[in-house]
Each structure stands twice: as structure tokens, then as C-alpha cells.
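Take a look at the structure below.
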Amino acid sequence: MSKINKSKTPSLDEIKNNITRDINLGSDQDNLSDTTIKLYTRQLVKLYKAGIAKEQWSPNEFISNIHYPNKFDDASFQKTFKVQNSSIIALLMSIYTSKESLILTLNAMCKMVKNRYRDAFGYYNTIRKELSKQNKAAKLDNELTPEEEKKYISYEELMSVPGKVAKVLNETYGKIFLFRSEFEQLAKAKRTDYVKLVFDYITLWLNVHYPLRLVWPSVMLTLEEGANYLQGNVLHLNDFKNVRLMGPPQMIQLDSTTMSLIKSYLEFLTNTVREQPSKLLWRIFNRQPGEYDYTSSSNSFSQVISKLFMKYNGKPMLMNMIRHIAESHLIQSPTYAKLR
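Numbering (our numbering), first residue to last: 5 to 344.
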């Protein structure tokens with residue numbers, strides 16, 4: 005291994021620029037957001053620093069080890085990943101123990117070599133896919149904490165909660181979405197109460213049918229680079245934990261029932277409430293309707309969900325539990341059995 009000539013060693017800023025350049029070269033058709041590129045660069049800079057400390061690699065040797073991984077036999081590794089180990093992967097696995105961090109860094113490495121170093125891309129992608137499979141299986145096998153177990157509800161009960169809000173709306177107001185003329189007949193205080201019920205219903209429906217962690221408050225109604233947005237019946241996810249691990253964009257096609265509900269809801273916001281929404285989810289704050297002003301990473305929305313379940317079903321329910329119930333139902337379903 006060569007020793008580093010400190011007088012000729014590029015500055016850390018130069019290293020960052022070189023890494024960012026390579027990421028951009030490999031992802032010029034992927035429309036990565038600036039946030040994602042910075043995240044990938046940060047992961048690779050940490051790997052670079054480890055290469056200097058543990059392997060005495062020069063900057064050029066570090067880049068070369070990514071472009072042309074120095075492979076070696078490792079029976080245990082090959083049994084798991086079906087490919088040889090390499091110096092760069094061994095280094096990566098020495099600094100990260102979490103599968104999510106490993107996957108994130110491999111995403112960055114794949115971007116660095118994509119379309120230019122095909123053998124390296126195939127190699128990293130194979131390892132990344134196996135780690136992703138292991139990570140998903142581990143999450144599906146996670147057991148609930150004793151505290152969560154006490155609050156556990158069945159999948160059927162989970163799916164019934166939005167209907168409880170719809171029932172209140174129908175019994176109190178005769179329908180879910182009032183026309184403007186019907187809305188104006190309500191006393192002002194009643195209008196706020198009614199609109200809050202509608203918002204509660206939509207919030208519960210979306211988070212029960214599509215339990216995407218805490219993403220829904222951030223969903224925009226028009227295309228915005230690097231953001232989560234709804235276009236037609238497709239939900240585009242660019243700023244979301246799993247996306248940051250697996251690489252954007254991820255797309256989910258919403259079912260026809262959900263899309264019909266969203267269409268009626270947006271018409272209600274525009275025509276009845278007389279608002280022009282830029283985001284999908286709304287709430288009542290200080291007795292006034294408005295969009296959520298915090299991001300999908302905020303714990304505030306988790307508390308919103310918990311309080312809604314407590315209000316309409318008598319038990320608080322965090323997003324982690326909703327996801328656990330939905331995933332458990334999925335892996336027990338005939339559809340999942342056919343995929344195995």
C-alpha cells in the first residue's frame with residue numbers, strides 16, 4: 005500500500021468535488037435532488053476518511069478501488085452475497101453495522117460507477133439487493149414492544165377507523181362533502197367542526213390504506229423537483245426515508261377508490277372551503293383551515309395520527325404500529341404467498 009504524500013494530497017473540498025462530479029456523471033438521467041447528492045457525497049467522504057485511516061489509501065487509490073474493486077475470496081461473504089468480497093466492501097462493512105447505512109452508501113457507489121464502470125455497478129448492485137432483502141425481512145419479523153402489544157388492534161379494526169369518521173359525517177351532515185350552499189347554512193363554529201371532521205377522515209384514510217411513515221403532510225399537488233408529489237394517480241416519492249436508502253424516485257399507483265376520494269376532497273377544498281391547496285393534506289389550526297407546515301420527518305404528525313386513533317377508536321396508534329399491522333396482514337395474504 006502506498007503512503008500518502010501530504011504535500012500533494014488534495015484538500016477535503018477537492019475530494020468532495022471529485023466525488024460529487026462522479027455521482028453526477030453516473031446519474032445525469034436520474035434527476036437527483038441536491039439534497040440526495042449531498043447525502044451521497046457525505047457517505048462517501050466518510051468512507052474516504054476510513055480508507056485513509058485504515059488502508060493508507062491515497063485519494064486516487066480510493067477512487068480506483070470504487071471503480072475497480074479489488075476482489076478476494078471470502079467463503080462466508082460469497083455464501084451470503086453470491087459474489088466475492090473486496091477491499092472497498094470490507095472497508096464499508098467495517099465502518100457501518102446498520103443495513104440502512106450500508107444500503108445508502110452502496111446507492112452512492114452505484115451512482116458513481118453507473119453507465120461508466122458496468123462491472124463495478126453490477127457488483128455493488130448485487131450486494132445492495134441482498135442487503136435490501138435482508139433489511140426488509142428483518143423489519144417484517146420485528147416484534148412489537150410490550151407497550152405496543154397492549155394497544156395492538158386487528159387489521160380489520162385498523163381499516164374500519166376511517167369509516168367511523170365517515171359515519172359521524174353522514175349522520176350529522178347527511179353526507180361527507182357538502183356543497184358551498186349547504187356549507188354556508190352552518191353556523192360559523194359548526195363550519196370549523198365540520199371541516200375538521202373532513203380533514204380527519206382524509207388523513208386517516210390515506211395513512212391506513214397507504215401507511216408511508218410520516219410522508220403524507222409533505223405531498224404536493226404539482227410536480228416539484230426533490231419533493232413528494234401527486235401527479236394523476238401516481239404518488240412520486242423523492243423525500244422519504246426508504247427513498248433516501250433505495251434512491252429516488254419511488255412511485256406508487258393509488259387505487260381507484262382512493263383517487264375518487266381525493267378528487268372529491270380537492271373539489272371540496274376548492275369549491276366549498278374556497279381554498280387553493282398546494283399540498284394534499286390539510287388541518288385545522290387556531291380554528292382555521294391550513295396546510296401542514298412541517299416536514300415528513302417531523303414527529304408532530306405522528307402525534308396527530310395517535311390522537312386521531314384515540315379520538316375515533318379509543319386507542320392511540322403510532323405509525324410504526326400501523327405499518328406493522330399492515331405488513332403482518334400482507335405477509336399472511338394469499339397474494340404474498342404467491343410471490344415467495
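The C-beta atom is built at its ideal place from N, Cα and C for all residues, glycine as well.
- In this model, A57 and L218 are separated by some 38 Å (Cα to Cα).
- Beta-bridge annotation (DSSP): Y233 is paired with M224 and H240.
- DSSP places G318 in no beta strand (DSSP E); its state is neither H nor E.
- Within the region 17 to 45, complete beta strand (DSSP E) segments of at least 3 residues are not found at all.
- Three or more Cβ pairs closer than 8 Å define a contact, and the region 267 to 280 meets that threshold against the region 178 to 194.
- Of the residues assessed, A79 falls on the exposed side of the cut-off, its CB having fewer than 16 other CB atoms within 10 angstroms.
- Rounded to the nearest whole angstrom, the CA to CA distance from I309 to M321 is 7 Å.
- In this structure, the beta-carbon distance from G126 to L95 does not fall below 8 Å.
- Per the Cβ contact rule, the region 79 to 88 is not in contact with the region 100 to 120 (fewer than 3 Cβ pairs under 8 Å).
- By the criterion of a C-beta distance shorter than 6 Å, F203 is surrounded in its chain by W286 and R287, once the five residues flanking it on both sides are discounted.
- DSSP, read as helix, strand or coil, puts I256 in strand.
- Under DSSP, S102 shares a beta bridge with no residue.
- DSSP places P63 in the uninterrupted alpha helix (DSSP H) bounded by P63 to H71.
- Bridge pairing for Q292: F289 [DSSP].
- CA-to-CA, the gap between E134 and M113 works out to about 16 Å.
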